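A short write-up of the structure that comes next.
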Amino acid sequence: MAIVRPFCCVHPARGLECQIAALPYDVYSREEARNAVKGRPLSFLHVDRPETLFEPDQDMYAQEVYEAAKNRLWKMQEEGSLVKEASPVYYIYELTMDERSQTGIVGCASIDDYENQVIRRHEDTRAEKEADRIRHVDTCNAQTGPIFLAYRSHDKIREIVRETKKEKAEFRFTAEDGICHAGWRVTKEEQLLALQKAFEEVGCVYIADGHHRAASAVRVGQMRRETHPEYDGTEEFNYFLSVLFPDEELMIMDYNRVVKDLNGLTFEAFLEAVSEKFEICMLKSARKPKQKGQIIMYLHGYWFRLKVKKEYIQDDPVEGLDVAYLQRELLEPVLGIQDPRTDERIDFVGGIRGLEELKRRADSDMEVAFAMYPTSIQELFAVSDAGRLMPPKSTWFEPKLRSGLFIHELT
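With this note's numbering applied, the sequence shown has no gaps in its numbers, which climb one by one up to 412 at the end.
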């Protein structure tokens with residue numbers, strides 16, 4: 002039984018959504034963040050990446066930087082560019098990319114559900130990345146970036162979404178990347194109660210994107226409980242900001258790999274080693290994998306299709322993933338990539354960047370590139386349900402949720 006409750010949302014004043022909304026903090030490098038805020042004084046990146054308010058050599062983890070984020074957030078409220086709902090609501094949030102739409106419910110999920118595995122994850126987190134967001138949330142006293150959750154579709158939720166979207170949207174804008182964002186408020190008491198009941202019936206929900214944000218929000222909630230031993234569970238710090246999408250509307254893109262060298266092998270010796278566990282076919286031109294079990298490789302100006310040989314196929318929710326085959330049967334034994342989380346010879350390229358970016362990297366700072374067939378949402382659910390973790394960088398979700406459209410205060 003998943004608890005997803007409405008909340009008194011802090012959001013942009015009408016008409017300012019496009020000026021405020023920003024991509025998630027972790028899709029930017031430090032330099033990219035600084036460039037993104039130029040000419041955009043209301044950009045929410047000033048809150049999510051507050052080092053943009055300082056000189057380039059500023060220690061981005063200094064406490065004064067987190068204090069600057071808090072000051073900017075609450076100044077935006079004082080000046081009226083951000084406003085707060087008077088009573089708890091849900092929002093419906095639609096994102097449209099390349100004529101494909103997905104619509105989620107904006108609400109607050111329970112930290113207890115996270116700890117009891119009602120909210121299930123498929124990735125591990127890194128302590129240093131958690132520490133940054135813990136300090137950010139705790140200092141700002143707010144969760145500024147929503148966690149992207151998925152659920153198995155439910156008829157009642159679908160019905161409420163459909164009825165609400167017949168009304169005029171509270172906001173609608175097209176961002177600089179061409180993605181259209183629209184939002185509606187759910188305020189009717191019967192619909193608020195119906196959505197809460199429907200999510201209780203859904204059962205488990207799954208973290209699609211935002212594992213570090215989720216873990217950090219939960220940790221801040223635990224810290225607040227320690228300092229408020231009289232808490233009764235209704236306090237805002239017991240919940241974290243989420244957008245929940247039905248599985249039928251989600252698309253996972255490929256998450257591809259590039260490697261710096263051939264681990265001392267010649268072109269011919271490398272292909273021979275790969276052929277031990279993969280069928281290799283040279284292609285006339287670049288193309289993406291057409292089915293599970295196929296990997297497209299670019300090396301020294303040539304494109305190849307790799308297919309895992311039958312004897313190496315495994316019926317296991319984790320070991321049966323294409324990214325697992327690549328790691329287990331090629332990256333580790335042939336290229337010597339033991340731990341892709343820490344090895345500096347490997348890098349990861351989101352599928353949104355296309356095959357051209359893989360070719361560019363392999364022809365410049367890397368040597369070989371691998372284009373993957375996307376992990377499916379059903380595979381994500383299966384791994385999470387088994388209490389297992391995927392290899393790093395297994396999923397790339399598009400479009401990305403914008404930060405700054407929905408903010409959750411902790412008091």
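Note that the Cβ used here is the ideal one computed from N, Cα and C, for glycine as well.
Bear in mind the structure is a predicted one, so any value in this text is a computation, not a measurement.
Taking valine 384 as the reference, give the member of Lys71, Trp185, Gln118 and Asp366 with the closest Cα.
Considering only alpha carbons, the answer is Gln118.
Rounded C-beta distance between proline 400 and isoleucine 180? I'm assuming under 8 angstroms.
Yes, they are in contact, since the Cβ atoms of proline 400 and isoleucine 180 sit about 5 angstroms apart, within 8 angstroms.
What are the uninterrupted segments assigned as beta strand (DSSP E) that are 3 or more residues long and contained completely in the stretch 297 to 384, given in chain order?
Fully enclosed beta strand (DSSP E) runs of 3 or longer: 303 to 309, 347 to 351 and 369 to 373.
Helix, strand or coil: how does DSSP classify alanine 14 here?
Three-state DSSP puts alanine 14 in coil, outside helix and strand.
With 16 as the cutoff for other CB atoms within 10 Å, does glutamate 190 come out buried or exposed?
Exposed.
Can you give, in chain order, each stretch of the beta strand (DSSP E) that sits fully within the stretch 103 to 175 and has at least 3 residues?
List check, beta strand (DSSP E) in window: 148 to 152 and 172 to 175.
With burial defined as no fewer than 16 other Cβ atoms inside 10 Å of the residue's Cβ, what is the status of arginine 163: buried or exposed?
Exposed, since its Cβ has fewer than 16 Cβ neighbours within 10 Å.
If you count every other CB in all the chains shown that lies within 10 Å of the CB of leucine 284, and 16 or more means buried, which is it?
Exposed, because fewer than 16 other Cβ atoms sit within 10 Å of the Cβ of leucine 284.
Rounded to the nearest angstrom, how far is the Cβ of tryptophan 185 from that of isoleucine 93, given a contact under 8 angstroms?
Right, their Cβ atoms sit about 4 angstroms apart.
In or out: lysine 198 buried (at least 16 other Cβ within 10 Å) or exposed?
That one is exposed.
Report buried or exposed for phenylalanine 268, applying the criterion of at least 16 other Cβ atoms within 10 angstroms of its Cβ.
Exposed, since its Cβ has fewer than 16 Cβ neighbours within 10 Å.
For the alpha helix (DSSP H) holding aspartate 58, just list the boundary residues, first then last.
Aspartate 58 -> no alpha helix (DSSP H), and no H or E assigned at all.
Are the beta-carbon atoms of leucine 245 and isoleucine 106 separated by less than 8 angstroms?
Against a cut-off of 8 angstroms, the Cβ pair of isoleucine 106 and leucine 245 comes out as a contact.
How close, in whole Å, do the beta carbons of leucine 96 and tyrosine 207 come, if the pair is a contact with beta carbons under 8 angstroms?
The pair is not a contact, with the Cβ atoms about 18 angstroms apart (cut-off 8 angstroms).
What did DSSP end up calling aspartate 210 once you bin it into helix, strand or coil?
In this structure, aspartate 210 counts as strand in the three-state DSSP scheme.
Tell me whether proline 51 sits in a helix, a strand or coil according to DSSP, three-state version.
If DSSP states are grouped into helix, strand and coil, proline 51 belongs with the helices.
Do you know how far the Cα of glutamate 18 is from the Cα of aspartate 178?
Whole-angstrom Cα-Cα distance: 15 angstroms.
Across which residues does DSSP place threonine 97 in a beta bridge pair?
Answer is Ser102 and Cys181, bridged to threonine 97.
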